[in-house]
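Asker: Letter by letter, the sequence shown follows residues 83 to 398 in our numbering. Backbone N, C-alpha and C define an ideal beta-carbon position, used for all residues, glycine too. First the structure, then my questions, so here it is.
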Amino acid sequence: TVSASASASKSDGQSKGGESFLRDTLRSMETVYLNRNPTAKSILELVHSVDDEQICYDHLAFRTFGVNGYGINSLASFFLDYGYTQKEELRFPAKKLKALWFSPPNSLSQDGGSGVNGPLPRIFISELLVDQLSPKTQEIIRKYAEKSGSGNKYAALASALGSLTWEKPLYSEFQQLAGESEYAAWTLVNGYALNHVTISTHRLKSNLKNIKSLNQFIEKNGFKLNSEGGILKVSPDGLLLQSSTVADSIPFSFSDGSNASVPCSYIEFAERLVLPEYKNLPESEIEESHRRDGFEVGNADKIFESTSKEQLTRRA
Ligand code: OOG
Ligand code: NI
Numbered sequence: 083t084v085s086a087s088a089s090a091s092k093s094d095g096q097s098k099g100g101e102s103f104l105r106d107t108l109r110s111m112e113t114v115y116l117n118r119n120p121t122a123k124s125i126l127e128l129v130h131s132v133d134d135e136q137i138c139y140d141h142l143a144f145r146t147f148g149v150n151g152y153g154i155n156s157l158a159s160f161f162l163d164y165g166y167t168q169k170e171e172l173r174f175p176a177k178k179l180k181a182l183w184f185s186p187p188n189s190l191s192q193d194g195g196s197g198v199n200g201p202l203p204r205i206f207i208s209e210l211l212v213d214q215l216s217p218k219t220q221e222i223i224r225k226y227a228e229k230s231g232s233g234n235k236y237a238a239l240a241s242a243l244g245s246l247t248w249e250k251p252l253y254s255e256f257q258q259l260a261g262e263s264e265y266a267a268w269t270l271v272n273g274y275a276l277n278h279v280t281i282s283t284h285r286l287k288s289n290l291k292n293i294k295s296l297n298q299f300i301e302k303n304g305f306k307l308n309s310e311g312g313i314l315k316v317s318p319d320g321l322l323l324q325s326s327t328v329a330d331s332i333p334f335s336f337s338d339g340s341n342a343s344v345p346c347s348y349i350e351f352a353e354r355l356v357l358p359e360y361k362n363l364p365e366s367e368i369e370e371s372h373r374r375d376g377f378e379v380g381n382a383d384k385i386f387e388s389t390s391k392e393q394l395t396r397r398a
């Protein structure tokens with residue numbers, strides 16, 4: 083009947099076929115990310131060399147322009163169609179940003195592998211509040227959004243392919259944006275590309291499950307961590323601990339023929355501690371749902387700086 087098929091299609095995101103397509107898409111996004119960001123790739127290999135079991139992703143993050151249908155929803159619609167649930171909004175007035183995060187559907191398939199083959203990650207998507215920027219900057223952003231035609235409808239595809247949905251900008255336009263919002267400049271040249279993956283440290287098996295040990299290990303191996311507000315970012319309740327590397331840079335050829343190095347992506351680490359109400363559970367019974375969920379504005383505000391010029395040019 084009509085109603086039966088309608089309800090069948092509504093649950094598609096929860097079907098096995100739906101889940102394998104979701105995972106294939108995440109895998110393509112991850113491949114683009116690992117090919118462009120040698121630091122992220124090396125760190126995953128390094129962690130794996132010590133902790134040879136599962137590496138779980140806590141979340142994947144993306145950036146968007148909040149203008150004419152190019153904002154959070156352009157990418158979120160894919161995740162919502164594949165079973166994700168919208169959760170809280172976060173606001174960053176000084177950065178002129180807002181963000182939403184999405185919790186994953188219950189996995190119907192084996193999720194004992196690493197990365198995108200493991201437990202499905204949360205999704206964190208932010209958007210630039212373009213209306214609040216200067217007329218000159220707004221004009222540039224609106225121009226590229228317009229040039230991309232219906233590109234906003236194919237945000238997930240663009241991310242999986244590693245393509246921009248708009249034309250490459252002029253170097254002067256990149257600089258104009260960078261002077262006003264480094265987030266804007268990043269998004270103009272990276273588009274819907276994966277901004278970072280986050281390793282879930284508490285799900286590691288070795289001593290690296292402690293984020294402080296992991297941070298030390300990463301630094302000892304010569305990688306630079308984002309020092310904004312201190313290396314370790316801690317939520318007011320003390321239960322969400324985060325840190326991240328400084329983004330890699332990548333050569334970019336602008337449409338005027340100039341080449342310049344631009345910030346690309348970084349890798350993050352998150353440790354979620356057990357909620358007070360479950361503190362007496364034996365360790366073997368603790369699941370992800372017993373831990374601090376969600377995100378924290380104060381932490382996120384500093385993690386955004388992982389792609390900033392100040393962090394990229396900072397001496398180690
Ligand atoms: C996102 C920064 C915030 C988190 O986990 O709170 C974040 C970004 O840099 O786009 O990743
Ligand atoms: Ni993050």
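1) Using only the alpha-carbon positions, how far apart do E101 and S189 sit?
2) Counting along the chain, where does the beta strand (DSSP E) carrying Y139 start and finish?
3) Give me the Cα-Cα distance between R354 and N234, rounded to the nearest whole angstrom.
4) On the criterion of 16 or more Cβ atoms from any shown chain inside 10 Å, does G165 qualify as buried, or is it exposed?
5) Are S347 and L276 touching if we call contact CB-CB under 8 Å?
6) With H, G and I counted as helix, E and B as strand and the rest as coil, what does DSSP make of R67?
7) For the alpha helix (DSSP H) containing A242, list its first residue and its last residue.
8) Provide the residue span of the beta strand (DSSP E) that contains S331, from first to last.
9) Report yes or no: do three or more beta-carbon pairs, one from the segment 169-181 and one from the segment 115-134, lie closer than 8 Å?
10) Specify the secondary structure class of Q136 as computed by DSSP and reduced to three states.
11) What residue does the beta strand (DSSP E) around S191 start on, and which one ends it?
12) Going by the CB atoms, is the gap between L314 and N341 shorter than 8 Å?
13) Helix or strand or just coil, what does DSSP make of S282?
14) Under 8 Å between the Cβ atoms of L252 and F336?
15) Going by Cα to Cα distance, which pick from F206, Y115 and K123 is closest to A158?
16) What are the complete beta strand (DSSP E) segments, minimum 3 residues, inside the segment 106-137?
17) So which residues touch the region around the ligand NI, with touch meaning a C-beta under 6 Å from any heavy atom?
18) So, is the C-beta of A260 closer than 8 Å to a C-beta in chain B?
19) Please list the terminal residues of the continuous alpha helix (DSSP H) segment that includes N234.
20) Whose C-alpha, out of S366, H141, I293 and L215, is nearest the C-alpha of L323?
21) Quick one: is P203 buried, meaning 16 or more other Cβ sit within 10 Å of its Cβ, or exposed?
22) How many whole angstroms separate the CB atoms of F174 and V344, which I take to be in contact at a CB cut-off of 8 Å?
23) What ranges does the alpha helix (DSSP H) occupy inside the segment 325-380, keeping only unbroken runs of at least 4 residues that lie completely in it?
24) What are the boundary residues of the beta strand (DSSP E) that includes W268?
25) Between Q324 and the ligand OOG, is there a pair consisting of the residue's CB and a ligand heavy atom that are separated by less than 7 Å?
26) Quick check on the burial criterion: 16 or more other C-beta atoms within 10 angstroms. Buried or exposed for S191?
27) Taking only heavy atoms of the ligand OOG into account, decide whether any of them is closer than 7 Å to the Cβ of S241.
Answerer: According to the structure shown:
1) 8 Å
2) For Y139, the enclosing beta strand (DSSP E) has its first and last residue at Y139 to F147.
3) 33 Å
4) buried
5) Result yes, Cβ atoms of S347 and L276 sit closer than 8 Å.
6) The requested residue 67 is not part of the displayed model; the chain covers only 83 to 398.
7) A237 to L243
8) S331 to S335
9) no
10) coil
11) Looking at the DSSP string, S191 is not in any beta strand (DSSP E), and its letter there is neither H nor E.
12) no
13) strand
14) yes
15) F206
16) Runs of the beta strand (DSSP E) inside the segment 106-137: none found.
17) H141, A143, F206, H278, T280, E350 and I385
18) Any reference to chain B falls outside this structure, which holds one protein chain only.
19) Looking at the DSSP string, N234 is not in any alpha helix (DSSP H), and its letter there is neither H nor E.
20) I293
21) buried
22) Between V344 and F174 the Cβ distance is about 22 Å, and since that is not below 8 Å, they are no contact.
23) Runs of the alpha helix (DSSP H) inside the segment 325-380: none found.
24) No beta strand (DSSP E) holds W268; the alpha helix (DSSP H) holding it covers E264 to N272.
25) yes
26) exposed
27) No, the Cβ of S241 stays beyond 7 Å of every heavy atom of the ligand OOG.
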